[in-house]
Amino acid sequence: MAATSFDSLERLAETFGSTKPSKRMLVIVNPYATTVSERLKHLVVYALQGRYQVDSVETQARNHATELCREAAQEGYDVVCAFGGDGTVNEAANGLAGSETPLTCLPGGSTNVFARILGIPNDVVDATEHLLRLADEWSPRAIDLGVVDDRRFLFTAGIGLDASVTERVDAKPRLKARFGPWFYSVAAVSAFNRNYLVKPPRLVAEVGGERVEGVTAIVQNTTPYTYFSRRPIDLAEDVALDDGTLAGVVLRRASLVDMPTVTWRALSHRARIVKHRRVAAFSGAEAFTIRSLDARGLPLQVDGDYLGTVPAAEFRIDAGALRVVA
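Following the UniProt record's numbering, the numbering of the sequence shown begins with 1 at its first residue and continues without gaps.
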């Protein structure tokens, strides 16, 4: 991060440091997140102390943030701030679900989808200032969480091609950090050519009494699905964080003929992917099942975090399960 950004954080601490903090905040830091450094962590915590009584802790392993958040809720923290990428925020949400302790976040990953959905700036200095101002305009609200098997998700879960892409990207964090969405594009082409061009894994989604067969299913708790740099990628429609439902799309077939137009619709501001002839869309769902049709394990990701393969997955909505402040 540029020296001017560090200077800006120091100025924020001076600007907001005149009021005695009243709310307790636990900042959970993923030290391996794309943009998080030791110096940045200390400056962010220093700045936040202008409005909050701040404790900070670093995650040590996968799911550590979930354990830390459960403890924070039991100890009566007023808010937990997840400082990292979407995987860290997802773990934090799983730990705070069902509690009265709200979640907020600071962008530390390569994409930061959920922070942007909440309206938190994607620049860490601007986001820190945003959280400082929230202390004087405190208004937590309840949102829904999607659930796949026993794992909650904030904005999306995918089975099939997008999960295979996530697996490839997660395996090379340095390239992910350096090239961002362009590395995702390369990984998508590679995963498609290797696993989906010939005899791809087949799945069936059973939603509302209907069966839809395909090669990839993406389930959303809100929109957008993700971002390509600054551009939101919209797939599912008619779903929001507080409407008590899930929505999604199923890609019926992945071929060299279909994928260029599927990709174009995903990236377009005007064309809708739900209108593609190889895509089936659903919305208003509260619970449904997606399972393998050919005994092969299906790759699964939640909020951009690869979880491995599953023979089937049970989806449901957990309405109002998480409190957020943003």
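All residues carry an ideal CB built from backbone N, CA and C; glycine is no exception.
For residue i, which of the options has the nearest alpha-carbon?
i, options, result
"Val274", "Arg252, Lys172, Gly158", "Arg252"
"Phe282", "Ala73, Leu300, Leu256, Arg211", "Arg211"
"Val219", "Gly160, Gly95, Leu103, Ala82", "Gly160"
"Ser22", "Glu58, Leu134, Asp238", "Leu134"
"Arg316", "Trp264, Ser268, Gln301, Glu286", "Glu286"
"Val239", "Gly50, Leu145, Thr289, Trp264", "Leu145"
"Phe288", "Gly119, Ala217, Leu106, Tyr184", "Ala217"
"Glu58", "Ala321, Glu71, Lys41", "Lys41"
"Pro260", "Leu322, Phe192, Gly284, Ile290", "Phe192"
Measuring only the C-alpha atoms, how far is residue i from residue j?
i, j, result
"Ala236", "Gln60", "34 Å"
"Val189", "Asp234", "20 Å"
"Glu75", "Ala65", "15 Å"
"Asp150", "Ala312", "13 Å"
"Asp294", "Arg277", "24 Å"
"Glu206", "Gly244", "19 Å"
"Asp123", "Leu131", "12 Å"
"Phe114", "Arg194", "30 Å"
"Val262", "Asp303", "21 Å"
"Val325", "Ala187", "34 Å"
"Leu300", "Asp162", "8 Å"
"Gly297", "Gly308", "9 Å"
"Gly208", "Asn112", "32 Å"
"Tyr52", "Asp136", "11 Å"
"Ser56", "Val29", "7 Å"
"Gly214", "Trp138", "45 Å"
"Val257", "Trp264", "12 Å"
"Glu314", "Glu129", "40 Å"
"Leu246", "Pro173", "30 Å"
"Ile290", "Val147", "13 Å"
Who are the Cβ neighbours of residue i in its own chain at under 7 Å, not counting the five residues just before and after it?
i, result
"Ile117", "Phe155, Thr222"
"Val54", "Met25, Val27, Val45, Leu48"
"Phe16", "Gly50, Arg51, Leu132"
"Leu241", "Ile143, Asp144, Asn221, Thr222"
Report all residues from its chain with a CB closer than 6 Å to the CB of residue i; omit the five preceding and five following residues, and keep chain order.
i, result
"Tyr77", "Arg24, Leu26, Thr101"
"Cys69", "Val80, Ala92, Gly95, Leu96"
"Leu197", "none"
"Thr34", "Gly109, Ser110, Ala177"
"Tyr225", "Thr156, Ile233, Leu235"
"Arg230", "none"
"Thr88", "Asn30, Ala65, Ala82"
Rounded C-beta distance between residue i and residue j? I'm assuming under 8 Å.
i, j, result
"Ser292", "Pro201", "7 Å"
"Gly84", "Val36", "6 Å"
"Arg141", "Asp318", "Contact flag wrong, Cβ pair sits at about 15 Å."
"Thr104", "Tyr306", "About 25 Å; that fails the 8 Å criterion."
"Leu267", "Phe228", "6 Å"
Beta-carbon of residue i versus every beta-carbon of chain C: anything under 7 Å?
i, result
"Gly146", "This model lacks chain C altogether, as it is built from one protein chain only."
Going by DSSP, name the residue or residues bridged to residue i.
i, result
"Pro107", "Gly84"
"Lys41", "None; Lys41 has no bridge partner."
"Ala281", "Val249"
"Arg288", "According to the sequence provided, residue 288 is Phe. The question's Arg does not apply to it. Answer by DSSP bridge pairing, in chain order: Phe315."
"Phe228", "Arg231"
Looking only at its own chain, which residues have a Cβ that is under 8 Å from the Cβ of residue i, when we skip the five neighbours before and after it?
i, result
"Val125", "Ser5, Ser8, Leu9, Leu12"
"Gly180", "Ser110, Thr111, Ser229"
"Phe183", "Val169, Lys172, Leu175, Lys176"
Just to check, is the beta-carbon of residue i closer than 6 Å to a non-hydrogen atom of the ligand NAP?
i, result
"Gln53", "The ligand NAP is absent from the structure shown, which contains no ligands of any kind."
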